[in-house]
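Going by the working numbering, the first residue of the sequence shown is number 676, and it counts up by one from there.
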Amino acid sequence: MKVKNICCIGAGYVGGPTMAVIAKHCPDIQVNVVDINKERIERWNDNDFTNLPIYEPGLEEIIKKCRGKNLHFSTEMPQKIKDADLIFISVNTPTKTKGVGAGQAIDLKYVEESSRQIAKHANKFTIVVEKSTLPVKTAQTIKEILNASTNNKQDQKKEVSFSVLSNPEFLAEGSAISDLENPDRILIGGDDDKSIKALVDIYAHWVSKNKVLTTDLWSSELSKLIANAFLAQRISSINTISALCEATGAHIKDVALAVGMDKRIGKYFLNSGPGFGGSCFKKDISNLVYISNHYNLFEVANYWQKVLDINTWQQRRFINLIINKMFGTISSKKIAILGFSFKANTNDTRESPAIYICKKLIEEGAILNIYDPKVNFQQMSKDLENNDSEMNNDIKWRYSEEVYDTFINADAAIFLTEWDEFQNLNWQKIKKAMRQPAFIFDTRSIVNIKEVKESNLKIWQVGYGY
Ligand code: UDX
Ligand code: ADP
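(1) Return the bridge partner residues of SER838 from the DSSP annotation.
(2) Let's see if you can read the secondary structure: which residues bound the beta strand (DSSP E) around SER749?
(3) If you draw a straight line from the alpha carbon of ASP1063 to that of ASN903, how long is it in whole angstroms?
(4) Can you check which of these residues, PHE800, ASN722 and GLY1003, is closest to GLU735 by C-alpha distance?
(5) Considering only C-alpha positions, which residue in the set ASN767, ILE1030, TYR730 and GLY1003 is nearest to ALA954?
(6) Shorter than 6 Å, the distance from the beta carbon of GLY1003 to the closest heavy atom of ligand 2, or not?
(7) Below 8 Å on the Cβ atoms is my guess for ILE998 versus GLU1039; work out the distance and round it to an integer in Å.
(8) Could you give the uninterrupted runs of the beta strand (DSSP E) lying entirely in the segment 691 to 750, keeping only those of 3 residues or more?
(9) Any heavy atom of ligand 2 closer than 6 Å to the Cβ of GLY685?
(10) What runs of the alpha helix (DSSP H), each 4 residues or longer, lie entirely inside the segment 1075 to 1123?
(11) Give a yes or no on contact between the segment 842 to 861 and the segment 779 to 798, applying the rule of three or more CB pairs nearer than 8 Å.
(12) Which ranges would you report for the beta strand (DSSP E) in the segment 1019 to 1055 if only whole runs of at least 3 residues count?
(13) Given a threshold of 16 other Cβ atoms within 10 Å of its Cβ, counted over all protein chains shown, does LYS1128 qualify as buried or as exposed?
(14) Taking Cβ positions, are PHE956 and ALA907 nearer each other than 7 Å?
(15) Applying the criterion that 16 or more other CB atoms from any shown protein chain within 10 Å of the CB defines a buried residue, is ARG921 buried or exposed?
(16) Below 8 Å on the Cβ atoms is my guess for LEU809 versus GLU714; work out the distance and round it to an integer in Å.
(17) Using three-state DSSP, classify GLY935 as helix, strand or coil.
(18) Taking the alpha helix (DSSP H) that LYS884 belongs to, which residues open and close that run?
(19) Heavy atom of ligand 2 less than 6 Å from the Cβ of GLU714, yes or no?
(20) Drop a sphere of 10 angstroms on the beta-carbon of SER883, count the other beta-carbons inside from all chains shown, and report buried for 16 or more, exposed for fewer.
(21) Just how far apart, CA to CA, sit GLY685 and LEU888?
(22) Express the C-alpha separation of ASP1023 and PRO1048 in angstroms, rounding to a whole number.
(23) Taking just the CA atoms, how far does TRP1072 sit from ASP1095?
(24) With a threshold of 6 Å (Cβ to nearest heavy atom), would ILE1146 be considered close to ligand 2?
(25) Buried or exposed, going by whether 16 or more other CB atoms sit within 10 Å of the CB of SER911?
(26) Residues near ligand 1, CB to any non-hydrogen atom under 5 Å, in chain order?
(27) Return the bridge partner residues of ASN680 from the DSSP annotation.
(28) How should PHE1002 be labelled, buried or exposed, when 16 other C-beta atoms within 10 angstroms of its C-beta is the threshold for buried?
(29) Does at least one heavy atom of ligand 2 sit under 6 Å from the Cβ of GLN710?
(30) Using C-beta distances below 6 Å, list every residue in its chain close to ILE1037, excluding the 5 sequence neighbours before and after it, in chain order.
(31) Suppose you measure from the CA of GLU805 to the CA of GLU1076; what does that come to, to the nearest Å?
(32) To which residues of the same chain is LYS981 closer than 8 Å at the C-beta, ignoring the five residues directly before and after it?
(33) Using the three-state DSSP reduction, which class does ARG1073 fall into: helix, strand or coil?
(34) What number of angstroms, rounded off, separates the C-alpha of GLU1126 from the C-alpha of ILE1134?
(35) Could you check if VAL1144 is buried or exposed, using at least 16 other CB atoms within 10 Å of its CB as the buried criterion?
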């Protein structure tokens, strides 16, 4: 079977970039990305490429090249489902906010809704692929919904049938395009060899076959969850050690380097910081805790819960430390916030440590000036739950358009995201702009500590013992 037409349900951070890269490498395949969010689709179709809904280095170039040729964005779900030989489900899978498993289990309502749409509109044999990170056994739910519909349709359309595959996406935001172009592995879970081969053939356009791993459905689903849990665990581990370094006079960067040079450990994911953010880690580990408890594996659940606990502990630790260093109070003090996205090179703020930290600082009475190269005012307003900050007499935070303006009259500056732009700042200029004595808090170890010290500013850096 040769796939000629792909539909992807969900035009988000995973669906958008993934389909763009498939379209780029498979000019013989028509790729249709559909979404219920009309505004998001309009932005994908905008001729002003700075208005694309997602910022990813390298994405704009691919959209310019492929959009309108073999890559299309629309809200016409029924037709695009009908046309497709293969459908990716790439919708959001948030943590449940109420009911059984609230705060831990994954809410599958969008996946279920997508499956029902496929069941309703597909009119031939169709391969359905889970792209979103999902709890183990979700494929079973999708299968049941699809099969129920084929049973109903049996009289009219005997040829309608489905094969369900799991093909989790391992891209990281900020490096999505290069991750997709050059993946460590492609994981495909399923039980139908013909369908697996059809999907392998798509990736074969640009990924070498020895990077393709095929497994059963459940192993594939679980592997994605565990890969994320292991990555997050490394971050919590190094963050605990950052506190120990500060207490003992050691330096976290040296420790991470020395430890990471052991090839059994490896050098990646050993940067200590304000804790992990992003749409995946917290959600996936919460889900792992939920599943483990479900199977009465309480020790397993407690072990992974600690990875989450350390993450919030690190953020609380930073807030207390900032207040202590600023003579015990930040009430009515101006604080510059540098970086709001959950990591560099993305405009995504989901679960960003900046949200929690900014809210706590505001609660303590500080007035914030927030700058991020890619996050806009509307997104910050939404995240800080204060839509009319500029009109409010009691201003709690301001949006800063320019990096140096952010420091004007500030008593402190807190670096929360590791944007390149922050690595080469003019510290003499900053020193003049700030109210003295001024404090610099570098939660990402990115500023040039020597230059900051030469400007006579007080600096604290994560994991840097003095
Ligand atoms: C993650 C996984 O890396 C990816 O494989 C999966 O598909 C989705 O979840 P993402 O959340 O986009 O990707 O970014 P990632 O680079 O993993 O960073 C997650 C968080 O951890 C960020 O807040 C980042 O700043 C933080 N982090 C990462 C650290 O604090 N230290 C590190 O050493 C690495
Ligand atoms: P991710 O990071 O997993 O890509 P996003 O939230 O960025 O998550 O994107 C998921 C997209 O899926 C959103 O644009 C949302 O509107 C879309 N979506 C959710 N449910 C449906 C549905 N039933 N049909 C079509 N699109 C959907």
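Virtual Cβ for every residue (Gly too), placed ideally from N, Cα, C. Computed from a predicted structure; not experimentally measured.
The relevant details are as follows:
(1) Within the sequence shown, the letter at position 163 stands for residue 838. Answer by DSSP bridge pairing, in chain order: ILE802.
(2) The residue given as residue 749 occupies position 74 in the sequence shown. 746 to 749 is the span of the beta strand (DSSP E), which, as asked, contains SER749.
(3) Position 388 of the sequence shown, counted from the start, is the residue given in the question as residue 1063. Position 228 of the sequence shown, counted from the start, is the residue given in the question as residue 903. Confidence in ASP1063 is poor, its pLDDT being 48 and thus under 50, which makes the residue's placement unreliable; the coordinate value appears in the next sentence. Going by the C-alpha atoms only, they are around 37 Å apart.
(4) Counted from its first residue, the sequence shown places residue 735 at position 60. For GLU735, the nearest C-alpha among the options comes from ASN722.
(5) By 1-based counting over the sequence shown, the position of residue 954 is 279. Reading off the sequence, residue 954 comes out as Ser, not Ala. It is ASN767.
(6) Taking the first residue of the sequence shown as 1, we reach residue 1003 at position 328. No - ligand 2 has no heavy atom lying nearer than 6 Å to the Cβ of GLY1003.
(7) Within the sequence shown, the letter at position 323 stands for residue 998. Within the sequence shown, the letter at position 364 stands for residue 1039. Between GLU1039 and ILE998 the Cβ distance is about 6 Å, and since that is below 8 Å, they are a contact.
(8) 705 to 709 and 746 to 749
(9) Looking up residue 685 in the sequence shown gives position 10. Within the cutoff, so yes.
(10) 1102 to 1108
(11) no
(12) 1042 to 1046
(13) In the sequence shown, residue 1128 corresponds to position 453, counting from 1. So LYS1128 ends up on the exposed side.
(14) Counting from one through the sequence shown, the residue named residue 956 turns up at place 281. Counting from one through the sequence shown, the residue named residue 907 turns up at place 232. Contact: yes.
(15) One-based indexing of the sequence shown puts residue 921 at position 246. Note that residue 921 is Glu in the sequence shown, not Arg. It is buried - the Cβ of GLU921 has at least 16 other Cβ atoms within 10 Å.
(16) Counting from one through the sequence shown, the residue named residue 809 turns up at place 134. Counting from one through the sequence shown, the residue named residue 714 turns up at place 39. Not confirmed; about 26 Å, so no contact.
(17) As a working mapping, residue 935 is identified with position 260 in the sequence shown. In the structure shown, GLY935 sits in a helix (DSSP, three-state: H, G or I).
(18) The residue labelled residue 884 in the question sits at position 209 within the sequence shown. Premise fails: LYS884 is in no alpha helix (DSSP H) and is neither H nor E.
(19) Along the sequence shown, one-based indexing puts residue 714 at 39. Flag unset: Cβ of GLU714 not near ligand 2.
(20) The sequence position of residue 883 within the sequence shown is 208, counting from 1. It counts as exposed.
(21) Mapped onto the sequence shown, residue 685 falls at position 10. Mapped onto the sequence shown, residue 888 falls at position 213. If you take the alpha carbons of GLY685 and LEU888, they lie about 25 Å apart.
(22) Along the sequence shown, one-based indexing puts residue 1048 at 373. Along the sequence shown, one-based indexing puts residue 1023 at 348. Going by the C-alpha atoms only, they are around 12 Å apart.
(23) Taking the first residue of the sequence shown as 1, we reach residue 1095 at position 420. Taking the first residue of the sequence shown as 1, we reach residue 1072 at position 397. C-alpha separation (whole angstroms): 24 Å.
(24) Outside the shown range of the chain, which is 676 to 1141, sits residue 1146, and nothing can be said about it.
(25) Within the sequence shown, residue 911 is the residue found at index 236, counting from 1. With 16 or more Cβ atoms within 10 Å of its Cβ, SER911 is classed as buried.
(26) PHE845, ALA847, GLU848, ILE910, PHE944, ASN946, GLY948, PHE951, GLY952, GLY953, CYS955, PHE1017 and LYS1018
(27) What you label residue 680 is simply residue 5 of the sequence shown in a count that begins at 1. The partner list for ASN680 (beta bridge, DSSP) reads GLN705.
(28) Along the sequence shown, one-based indexing puts residue 1002 at 327. So PHE1002 ends up on the exposed side.
(29) Taking the sequence shown and counting its residues from 1, one reaches residue 710 at position 35. The sequence given here has Asp at residue 710, not Gln. ASP710 Cβ: within cutoff of ligand 2.
(30) Along the sequence shown, read from residue 1 onward, the residue named residue 1037 stands at position 362. Once the five neighbours on either side are set aside, the close Cβ partners of ILE1037 are LYS1071.
(31) On the sequence shown, position 130 is the one that residue 805 refers to. On the sequence shown, position 401 is the one that residue 1076 refers to. Rounded to the nearest angstrom, the two C-alpha atoms are 39 Å apart.
(32) Residue numbering aside, residue 981 sits at position 306 when the sequence shown is read from its first letter. Here the set comprises SER911.
(33) Your numbering for residue 1073 matches position 398 in the sequence shown. Here ARG1073 sits in strand by DSSP.
(34) On the sequence shown, residue 1126 is found 451 positions in, with the first residue counted as 1. On the sequence shown, residue 1134 is found 459 positions in, with the first residue counted as 1. Between GLU1126 and ILE1134, the C-alpha separation is close to 11 Å.
(35) Only positions 676 to 1141 of the chain appear in the structure, and residue 1144 is not among them; the question remains open.
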